[in-house]
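Numbering (numbering that gives the first Met the number 0), first residue to last: 0 to 310. Right, one structure below, let's go through it.
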Amino acid sequence: MKKVIKLMLGVVGATSVGLFKGESVACADDSLPQIGEGYLKSVNQSTIDRMSTMAYALSYQMYQWGDIGVNERLTGNEYNPKNVSSQSYSVGVNSDMGTKQTSKTVNTSVFHNQTNQDQTFTTPSYTETYIDSLTTSTTHSAGISTSASTEISVPMFGSASMGLELSYNFSTTTSHTRETQKGWTVPGQAINVRPGHTVEVNWVFYTGEATGSVDLQERIRADIPYKKDSAGRIHTYGLGTVVGDRQVLSDSYWDRYITESRNNWKKVDANVAGQKIGAGTYRVDYGSGFVLEAFDRTTGTKEIIATGYRI
Numbered sequence: 000m001k002k003v004i005k006l007m008l009g010v011v012g013a014t015s016v017g018l019f020k021g022e023s024v025a026c027a028d029d030s031l032p033q034i035g036e037g038y039l040k041s042v043n044q045s046t047i048d049r050m051s052t053m054a055y056a057l058s059y060q061m062y063q064w065g066d067i068g069v070n071e072r073l074t075g076n077e078y079n080p081k082n083v084s085s086q087s088y089s090v091g092v093n094s095d096m097g098t099k100q101t102s103k104t105v106n107t108s109v110f111h112n113q114t115n116q117d118q119t120f121t122t123p124s125y126t127e128t129y130i131d132s133l134t135t136s137t138t139h140s141a142g143i144s145t146s147a148s149t150e151i152s153v154p155m156f157g158s159a160s161m162g163l164e165l166s167y168n169f170s171t172t173t174s175h176t177r178e179t180q181k182g183w184t185v186p187g188q189a190i191n192v193r194p195g196h197t198v199e200v201n202w203v204f205y206t207g208e209a210t211g212s213v214d215l216q217e218r219i220r221a222d223i224p225y226k227k228d229s230a231g232r233i234h235t236y237g238l239g240t241v242v243g244d245r246q247v248l249s250d251s252y253w254d255r256y257i258t259e260s261r262n263n264w265k266k267v268d269a270n271v272a273g274q275k276i277g278a279g280t281y282r283v284d285y286g287s288g289f290v291l292e293a294f295d296r297t298t299g300t301k302e303i304i305a306t307g308y309r310i
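See the structure below:
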């Protein structure tokens with residue numbers, strides 16, 4: 000049995016979001032600054048804008064909650080994020096993998112014992128060939144000249160598992176199909192057949208299918224301003240804390256001022272967060288296992304008498 004399934008992995012880039020979600024600010028001088036061309040080139044302008052919006056929402060929330068005074072409020076360029084850098088690009092696997100196992104009998108032998116004594120028969124060695132197939136596709140370019148990969152683990156027949164690498168090129172919209180031919184062998188086995196019994200021996204090949212989704216993320220390090228002290232020094236929280244700790248920035252203030260879903264950001268540590276810049280799916284078709292089953296037609300019992308291995 001030889002089978003190839005072409006798989007497509009779609010990656011959809013995240014769109015830019017505006018600075019505000021439609022709520023007016025309290026004072027004219029509270030409006031967010033327009034950050035000039037060339038500022039913090041390692042992170043794109045729309046992402047910097049989002050972080051400036053976070054700073055506004057955080058500072059305004061703390062002012063309204065009485066955590067900072069009016070003289071500690073930020074204005075203008077003071078909302079700009081500090082110490083910004085793009086750390087890396089990564090593929091995050093979501094927890095929505097669906098799997099399916101399918102079996103097919105690929106060969107059968109029948110042994111009859113018409114004597115009054117036990118008889119031992121020997122099955123032939125049997126090999127099955129299967130082509131595993133995996134395709135990854137970037138359907139929306141992030142405009143970044145870099146590649147990233149991650150590994151998923153798919154279940155095999157029984158309790159085993161197999162690791163597979165998913166790779167993406169962020170710079171162009173491209174597809175890549177990887178096919179691997181594998182042979183599976185069950186060695187010859189001795190079969191004991193009781194007097195007057197008929198035993199049917201089946202070589203059963205298992206295939207697996209796994210589907211799910213991934214997020215493409217840029218890991219960003221930044222400090223988000225929230226107040227200034229009497230000496231004019233700017234105080235900040237790490238980006239990871241701001242996006243991940245709802246005790247620092249509440250969902251109500253995030254939703255009021257930030258149009259992008261908070262789910263697009265994941266805390267990595269106090270200063271680093273992963274921003275979702277795309278999404279995709281995967282589908283894998285693979286050989287999962289090979290077994291030899293003995294079915295006693297006389298008694299109706301069945302058992303696995305041998306397990307094959309990959310060669």
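C-beta: ideal position from N, C-alpha, C; glycine also.
Query                                                                                                                                                            : Result
Whole angstroms are fine: how far does the CA of residue 216 sit from the CA of residue 72?                                                                      : 32 Å
What are the residues that DSSP puts in a beta bridge with residue 202?                                                                                          : 106, 291
Can you grab the Cα-Cα spacing for the pair residue 135 / residue 280, in whole Å?                                                                               : 8 Å
Go through its chain and collect everything with a Cβ distance to residue 249's Cβ below 7 Å, but skip five positions before and after it.                       : 60
Hey, quick one: how far does the beta strand (DSSP E) through residue 161 stretch, first residue to last?                                                        : 160-168
Does the Cβ of residue 164 have 16 or more other Cβ atoms within 10 Å, making it buried, or fewer, making it exposed?                                            : exposed
Can you tell me the Cβ-Cβ gap for residue 52 and residue 252, rounded? I've got them flagged as a contact below 8 Å.                                             : With a Cβ gap of about 11 Å, residue 52 and residue 252 do not count as contacting.
Is residue 85 a contact residue of the ligand MG, with contact defined as CB to any heavy atom under 8 Å?                                                        : With respect to the ligand MG, the structure offers nothing, as it holds no ligand at all.
Among the residues of its own chain, which have a CB less than 8 Å from the CB of residue 190, if the five just before and after it don't count?                 : 110, 119, 120, 121, 122, 198, 200, 293, 304
Tell me which residues share the same chain as residue 54 and place their Cβ nearer than 6 Å to its Cβ, disregarding the 5 neighbours each side in the sequence. : 78, 223, 224
Out of 45, 285, 67, 302, point me to the one whose CA is closest to residue 179's CA.                                                                            : 285
I want to know whether the region 41-50 touches the region 167-184 - three or more CB-CB distances under 8 Å.                                                    : no
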